[in-house]
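Chemist: Provided herewith is a single structure, encoded as structure tokens, for subsequent inquiry.
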Amino acid sequence: MNNFLGNLGRAISEGISEASTQTSAEVQRNEQLSKLEIKIKEIDLKTEKNYTLIGQAVVDNLRQGEPVIQEFLMPLFHPIKELDEQRKEILETIKEVKSQQADQLKAQELIKLKKQVKEEVQKLQELKDLGVMDEEEFEVTQAKINKRVNNFEKLYSLKIAFERNLINSDEYIKRKAMLE
Numbered sequence: 300m301n302n303f304l305g306n307l308g309r310a311i312s313e314g315i316s317e318a319s320t321q322t323s324a325e326v327q328r329n330e331q332l333s334k335l336e337i338k339i340k341e342i343d344l345k346t347e348k349n350y351t352l353i354g355q356a357v358v359d360n361l362r363q364g365e366p367v368i369q370e371f372l373m374p375l376f377h378p379i380k381e382l383d384e385q386r387k388e389i390l391e392t393i394k395e396v397k398s399q400q401a402d403q404l405k406a407q408e409l410i411k412l413k414k415q416v417k418e419e420v421q422k423l424q425e426l427k428d429l430g431v432m433d434e435e436e437f438e439v440t441q442a443k444i445n446k447r448v449n450n451f452e453k454l455y456s457l458k459i460a461f462e463r464n465l466i467n468s469d470e471y472i473k474r475k476a477m478l479e
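Set out below in structure tokens:
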């Protein structure tokens, strides 16, 4: 009984620790993404102001009957080019952060799957030890269970394709069954 309670307590503390670590990492990434998205909005506002200045300069020249001279507009346009470059860099950073998030979620799912498979294999081993199943049945069932880990990449990609509505439910179920 003490062993059971000890195992239960250890499992609960591991679960809580894992959940808090994941939550902390997610909060940090989301905070980073929020800051980057705010910078994008600030750049967009500055760009709009510069567009307004260019438009105002063009209208002023046209009102006075003067031609619009490109050399006159270039000093007003130069900050827009710089802002465009900053925006491009920030968007690239956002893309990298989101990619890291996706990779981390994928890794977490793999860890979770491996843990489930390990538990299922342990149960199979117990059944084999108790004489409920023979060696051949154990090996076949174990191979089937391990197939989910071996085909994790394909199963994960299939899941993403289904979530993005790239494949329908029937095709998802059919392909998933072949991989599991």
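This note's numbering numbers the first residue of the sequence shown as 300 and each following residue consecutively. Glycine included, C-beta positions come from ideal geometry on N, C-alpha and C. Bear in mind the structure is a predicted one, so any value in this text is a computation, not a measurement.
(1) How about K339 and I393: do their beta carbons lie closer than 9 Å?
(2) Select from D469, D402, E470 the residue whose C-alpha is nearest the C-alpha of E452.
(3) Which of helix, strand or coil does DSSP assign to D383?
(4) Nearest by alpha-carbon distance to L454: which of E479, E434, P366, L344 is it?
(5) With 16 other CB atoms within 10 Å as the buried threshold, where does L457 fall?
(6) Provide the residue span of the alpha helix (DSSP H) that contains R463, from first to last.
(7) Can you check the region 379-450 for any alpha helix (DSSP H) of at least 4 residues that lies completely inside it and give the ranges in chain order?
(8) At the level of alpha carbons, what is the spacing between T446 and E384?
(9) Any idea what DSSP makes of E330, helix, strand or coil?
(10) In whole angstroms, what separates the C-alpha of Y350 from that of I379?
Modeler: So, from the listed chains and residues:
(1) First, the residue type needs correcting, since residue 339 is Ile and not Lys in the sequence shown. For I339 and I393, yes; Cβs fall inside 9 Å.
(2) D402
(3) helix
(4) E479
(5) buried
(6) Here R463 belongs to no alpha helix (DSSP H), and DSSP marks it neither H nor E.
(7) 434-449
(8) The amino acid occupying residue 446 in the given sequence is Lys; Thr does not appear at that position. Cα to Cα, the separation comes out at about 47 Å.
(9) helix
(10) 8 Å
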